[in-house]
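To start, the structure under review is shown below, and the notes come after it.
Protein chains: 2
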Amino acid sequence: MDPHLLRTFVTVARLGSFSAAAGELGYTQSAVSQQVAALEADLGAPLLHRRPVAPTPAGRRLLEHAEPLLLRHRAARADVLRAAAGPPRSLVVAASPLACPPGIARRLRGPRLEVTLRTVGRRDVAEQVASGAAGVGLLDGISAPSDPLRLPDVGPLTAVGVAEERLLVVLPAGHPLAGGRGLALADLDGALWLQAPAAVAVERLREMAGLPAGQEGFRVAFRYDGHDLRTVLSLVAAGHGLTLLPASALAAERAAGRPAGREGAGGGAGPVAGPGVVGVPLAAPRVVHRVEVLHGPLQGPPAALVGGLTGSPGAGDRAP
Amino acid sequence: MDPHLLRTFVTVARLGSFSAAAGELGYTQSAVSQQVAALEADLGAPLLHRRPVAPTPAGRRLLEHAEPLLLRHRAARADVLRAAAGPPRSLVVAASPLACPPGIARRLRGPRLEVTLRTVGRRDVAEQVASGAAGVGLLDGISAPSDPLRLPDVGPLTAVGVAEERLLVVLPAGHPLAGGRGLALADLDGALWLQAPAAVAVERLREMAGLPAGQEGFRVAFRYDGHDLRTVLSLVAAGHGLTLLPASALAAERAAGRPAGREGAGGGAGPVAGPGVVGVPLAAPRVVHRVEVLHGPLQGPPAALVGGLTGSPGAGDRAP
DNA sequence: TGAGTCGATAAGCGATACTGATGCACCGTG
DNA sequence: CACGGTGCATCAGTATCGCTTATCGACTCA
């Protein structure tokens, strides 16, 4: 089961063709055929049906294992190389769309350090950090107060909470529920919702409301594929659906143009007005929006940056 | 970074000797030397100091990655073999010490299935299931009500909650606090505690009480290395320290000899008497003792067994 | 100083893993 | 229905790899 053979196997399975895989991997078709045969001999079970090429049940199992396995290989290699090289002069920060509120952005600096912020999908943050594509990750998510986020295990990473704030149900300004001081999620499963990567995913709402996966409720009325928060708020204001956002998302929007104070955190209570929208605190379930920094072992300027992030509001750290 | 080289590397690092590693792995010393050199060439960094043999910083990083990597390799192999073989006639169930209360034990059966129950450490349950050493795992732990347990990610396993019950602080019968209807953990950090694998670990108490790791509090007075629950209760009765147990542990003890009713679950409230001990419900923090079944993809009799376990009290399932 | 230990290195050789050529089953086509 | 085309398996040949045996050189301890 050497990673080489594994890579060939997943490529063949993905492309559904030995020859095509050979082309992509820079081998001859013959070599690919022999590699797959070797893997099958090693495991003692056929992995692929031929003609048409499709994974057997055993092959499907192997495919499920192969991706994380190869990911961890890459992560291990990157980690060792990083340890061997000295402390870096530049740092890439990979952040999920809502993981960089003003309070954190302000602290993304270090002495003699060039910082690049890159927004990536929530699923990719940990992978980018593990594989070394980014030196530090910022991941946001929803959890019970001061509970750590659940992250995919891609290697020995340290996760430290850096911010928690309340969640707001964002409604159009004139909405009948816009006046309350708090809303229960369970009462909103009949409403129409906005699906956007920059906001809380609708599946997550179902899960939080305790609905089994695949069940009805929290119907998606509109899907926005971009990352711009202002657009999300416009869509809500236009009545395309509700959404759930961390308080700072509205606060930042409200404060745009004004000198940045310290309103980012999570304080205050009651509704928050935005441009054509109102944010009403989510009262039940009792969950918060949480941001965590992910990083491997750091030294030098990047370590200072992370120290600056974590030496503040946050929560306890942990090394999974 | 082929797993073969990795295995050699970790063996050398563990034994601190090329020759000894060669002996253990069945190679010559020369082969081991060449393998380590190949790994270092591949990664482009020295991994071991020679004479004395000790890992370099890069080597230490690799060691951290190597163990989970090799574990996942084993898991993948086992999973494929299981998929290739038919449904098994016998099933090994790996359970952590407190993960098999009467209510679950009663349902550990299947048609045409020979069941072996094996008690293993809490850390090993997931590994045994992933590596195929056990077909099904039973893992207990502490979590907020209906929250899943945090488990090490060793592969694509399914975890399903099968039981939740309240936790009891177990005190000697005459203890001043033995009369109350509920106790807060925070009020007990001055007490002496019993450390035993069959009971909740003291570090876990500190964590639950919100004490940062390494801090004082919940001092261990006595350590018991065995797995026998009756002994644990005797030690508590003898005043060697308090402990925290799921309700069924005391209930089963009380009911020993009587025809087994349905008292195992978690119902009732207020103190529970055992042999020379009293169990007072833990009132704060609001956590429960939870048992989950872990398994890979199952078919045939084992699937029926798991179905029988989960088609009951439990909680929702999930596939991490 | 000489024997012993331990890792690195060199030489030799069988196993491995690739390429290129060929074989064979299947499919669409004139 | 014959025929060429496609796509995977197989075979032969060869370069490389990875092991063993043998030897070296550095260090340790008597």
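Chains as they are written, first to last, in the UniProt record's numbering: chain X, 1 to 320; chain L, 1 to 320. Where a beta carbon is used, it is the ideal one built from N, C-alpha and C, also for glycine.
Rounded to a whole number of angstroms, what is the C-alpha to C-alpha distance between residue i and residue j?
i                      : j                      : result
residue 203 of chain X : residue 151 of chain X : 17 Å
residue 239 of chain X : residue 247 of chain X : 20 Å
residue 293 of chain X : residue 275 of chain L : 49 Å
residue 62 of chain L  : residue 229 of chain L : 40 Å
residue 185 of chain L : residue 224 of chain X : 47 Å
residue 92 of chain X  : residue 108 of chain X : 11 Å
residue 149 of chain L : residue 140 of chain L : 8 Å
residue 28 of chain L  : residue 138 of chain L : 42 Å
residue 190 of chain X : residue 178 of chain X : 16 Å
residue 101 of chain L : residue 136 of chain L : 16 Å
residue 48 of chain L  : residue 83 of chain X  : 13 Å
residue 131 of chain X : residue 161 of chain X : 21 Å
residue 200 of chain L : residue 245 of chain L : 7 Å
residue 261 of chain X : residue 103 of chain X : Here the model assigns residue 261 of chain X a pLDDT of 38, short of 50, so the residue's position is not dependable, and the following value carries that caveat. Using only the alpha carbons, I get a separation of about 9 Å.
residue 51 of chain X  : residue 121 of chain X : 36 Å
residue 310 of chain L : residue 291 of chain L : 11 Å
residue 297 of chain L : residue 171 of chain L : 42 Å
residue 69 of chain X  : residue 194 of chain L : 40 Å
residue 64 of chain L  : residue 46 of chain X  : 33 Å
residue 281 of chain X : residue 187 of chain X : 14 Å
residue 192 of chain L : residue 167 of chain L : 18 Å
residue 16 of chain X  : residue 72 of chain X  : 25 Å
residue 126 of chain X : residue 143 of chain X : 17 Å
residue 243 of chain X : residue 31 of chain X  : 52 Å
residue 147 of chain X : residue 41 of chain X  : 46 Å
residue 283 of chain L : residue 165 of chain L : 13 Å
residue 12 of chain X  : residue 18 of chain X  : 5 Å
residue 22 of chain L  : residue 153 of chain X : 32 Å
By the 10 Å Cβ neighbour count, where 16 or more other Cβ atoms means buried, how is residue i classified, buried or exposed?
i                      : result
residue 232 of chain L : buried
residue 26 of chain X  : exposed
residue 114 of chain X : exposed
residue 299 of chain X : exposed
residue 159 of chain X : buried
residue 10 of chain L  : buried
residue 89 of chain L  : exposed
residue 216 of chain X : exposed
residue 112 of chain L : exposed
residue 210 of chain L : exposed
residue 59 of chain X  : buried
residue 6 of chain L   : buried
residue 176 of chain L : exposed
residue 206 of chain X : buried
residue 55 of chain L  : buried
residue 145 of chain X : exposed
residue 220 of chain L : exposed
residue 44 of chain X  : exposed
By alpha-carbon positions, which one of the options ends up nearest to residue i?
i                      : options                    : result
residue 237 of chain L : L:226, L:250, L:246, L:227 : L:250
residue 227 of chain L : L:198, L:210, L:140        : L:198
residue 66 of chain X  : L:205, L:165, L:156        : L:156
residue 105 of chain X : X:171, X:52, X:117         : X:117
residue 285 of chain X : X:183, X:278, X:272, X:245 : X:183
residue 302 of chain L : L:205, L:86, L:173, L:166  : L:86
residue 163 of chain L : L:99, L:242, L:244, L:4    : L:99
residue 77 of chain L  : X:132, X:133, X:2, X:170   : X:2
residue 278 of chain L : L:196, L:131, L:181        : L:181
residue 174 of chain X : X:219, X:47, X:143, X:273  : X:273
residue 20 of chain L  : L:304, L:53, L:165         : L:53
residue 133 of chain L : L:4, L:295, L:283, L:307   : L:295
residue 305 of chain L : L:222, L:234, L:110        : L:110
**Item:** Under 9 Å (Cβ pairs) to chain L, residues found in the UniProt domain "HTH lysR-type" (1-56) of chain X
**Value:** 1, 2, 3, 4, 6, 42, 43, 44, 45, 46, 47, 56
**Message:** Along the region 80-94 of chain L, where does the CB come closer than 9 Å to a CB of chain X? Name the residues.
**Reply:** 80, 81, 82, 83, 84, 85
**Asked** Residues in the region 139-171 of chain X with C-beta within 9 Å of chain L's C-beta atoms, listed in sequence order?
**Response** 144, 146, 147, 148, 150, 152, 153, 154, 155, 156
**Request:** Return the residues of the region 179-195 of chain L that lie within a Cβ-Cβ distance of less than 9 Å from chain X, sorted by chain order.
**Result:** none
**Request:** Entirely within the region 101-130 of chain X and at least 4 residues each: give me those alpha helix (DSSP H) ranges in chain order.
**Result:** 102-105
**Request:** Pick out the complete alpha helix (DSSP H) segments inside the region 27-114 of chain L, 4 residues or longer, and give them in chain order.
**Result:** 29-43, 57-84, 102-105
**Message:** Please list, in chain order, the residues of the region 277-292 of chain X that have any C-beta partner in chain L closer than 8 Å.
**Reply:** none
**Asked** Between the region 57-70 of chain L and chain X, which residues of the former have CB atoms less than 9 Å from a CB of the latter, in chain order?
**Response** 57, 58, 59, 60, 61, 62, 64, 65, 66, 68, 69
**Item:** Ordered list of beta strand (DSSP E) runs contained in the region 214-258 of chain L, each at least 3 residues
**Value:** 219-223, 243-246
**Request:** Quick one: which residues of the region 293-305 of chain X get their C-beta closer than 9 Å to a C-beta of chain L? List them in chain order.
**Result:** 296, 297
**Item:** In chain order, each beta strand (DSSP E) run of at least 3 residues that lies wholly inside the region 126-192 of chain X
**Value:** 136-143, 158-165, 167-172
**Prompt:** Along the region 103-127 of chain X, what residues have a CB closer than 8 Å to any CB found in chain L?
**Reply:** none
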